[in-house]
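The letter at position 7 of the sequence shown is residue 9 when you use my numbering, and the numbering goes up by one with no holes.
Here a beta-carbon is modelled for each residue, glycine too, at the ideal position from N, C-alpha and C.
I have placed the structure first, in the form of structure tokens, so that the comments after it can refer back to it.
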Amino acid sequence: MAPVTFPRQPQHINLSPSGWSPWIGWGETPEDRFTRAQRYEMKKLGIDPEAHAMFVTVYREATQREGGHRRGDVPQVFQFDCPVLSVTRDHRLRVIAPNGDVKIVMRDGWADEPHPFNRQLVQERCR
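Okay, structure coming up:
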């Protein structure tokens, strides 16, 4: 497993029913590659988490509510592994997000279009 270079999620999380994020999830231990919800969905789909070779490291930026950054500031980056279920016609990836939902991410692993500084930072760390 590749070393984690960014945290998986914020240290302090304020959860509300209207502000639930598919990118938040917990494993049995902090070192677990996949969250409990991802493992549950993989089991439902007949995927062995230990043998599944198709996964992607997904990167996402903190929301203003999570990161407390001001408009125009560069948001904090979080990263986590997600099992890939398929590739869409436009080459994006269908993945199981940390909360167990199926989401589509960009082919380079970003959940959404990032700040240009963060995209370059991730590319430098992946070299």
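Would the stretch 80 to 92 and the stretch 49 to 64 be scored as touching if the rule is three or more Cβ pairs under 8 Å?
-> Contact holds: three or more Cβ-Cβ distances are below 8 Å.
If we count the other Cβ atoms within 10 Å of its Cβ and call it buried at 16 or more, is T31 buried or exposed?
-> Reading the sequence shown from its first residue, position 29 is the one you call residue 31. Looking at its Cβ environment, which holds fewer than 16 other Cβ atoms inside 10 Å, T31 is exposed.
Run through DSSP, which three-state label would R62 get?
-> Counting from 1 along the sequence shown, the entry for residue 62 is found at position 60. Here R62 sits in strand by DSSP.
In terms of alpha-carbon separation, which member of A99, V104, F119 and R127 lies closest to I26?
-> Numbered from 1 along the sequence shown, position 24 holds the residue referred to as residue 26. The shortest Cα separation from I26 among A99, V104, F119 and R127 belongs to A99.
Please list, in chain order, all residues of the same chain as N120 whose beta carbon is under 8 Å from its beta carbon, the five residues on each side excluded.
-> Along the sequence shown, one-based indexing puts residue 120 at 118. Taken in chain order, the residues that qualify are Y61, E63, V76, P77 and V79.
Between the CA atoms of T7 and S88 - distance to the nearest angstrom = Reading the sequence shown from its first residue, position 86 is the one you call residue 88. Reading the sequence shown from its first residue, position 5 is the one you call residue 7. S88 and T7: Cα-Cα distance of roughly 26 Å.
Go to F119, then tell me how far its alpha helix (DSSP H) extends in each direction, as first and last residue.
-> Along the sequence shown, read from residue 1 onward, the residue named residue 119 stands at position 117. For F119, the uninterrupted alpha helix (DSSP H) segment begins and ends at P118 to R127.
8 Å contact criterion, which Q40 and P85 should meet: CB distance rounded = The sequence position of residue 40 within the sequence shown is 38, counting from 1. The sequence position of residue 85 within the sequence shown is 83, counting from 1. Sure, about 6 Å apart at Cβ, within 8 Å.
Would you grab the beta carbon distance between V107 and L95 for me? Rounded to a whole angstrom, and I think it's under 8 Å.
-> What you label residue 107 is simply residue 105 of the sequence shown in a count that begins at 1. What you label residue 95 is simply residue 93 of the sequence shown in a count that begins at 1. Between V107 and L95, the beta carbon gap of about 5 Å places them in contact (Cβ cut-off 8 Å).
Would you give the residue range spanned by the beta strand (DSSP E) that R96 belongs to?
-> As a first step, residue 96 must be located in the sequence shown, where it is residue number 94. First-last of the beta strand (DSSP E) with R96: L95 to I98.
Counted within 10 angstroms of its Cβ, other Cβ atoms place A113 as buried (16 or more) or exposed | What you label residue 113 is simply residue 111 of the sequence shown in a count that begins at 1. By the neighbour-count rule (16 or more Cβ atoms within 10 Å), A113 is buried.
Coarse secondary structure for Q131, derived from DSSP in three states | In the structure displayed, the chain extends from 3 to 129; residue 131 sits before or after that span and is not available.
DSSP on Q78, reduced to helix/strand/coil?
-> Taking the sequence shown and counting its residues from 1, one reaches residue 78 at position 76. Coil at Q78, not helix or strand.
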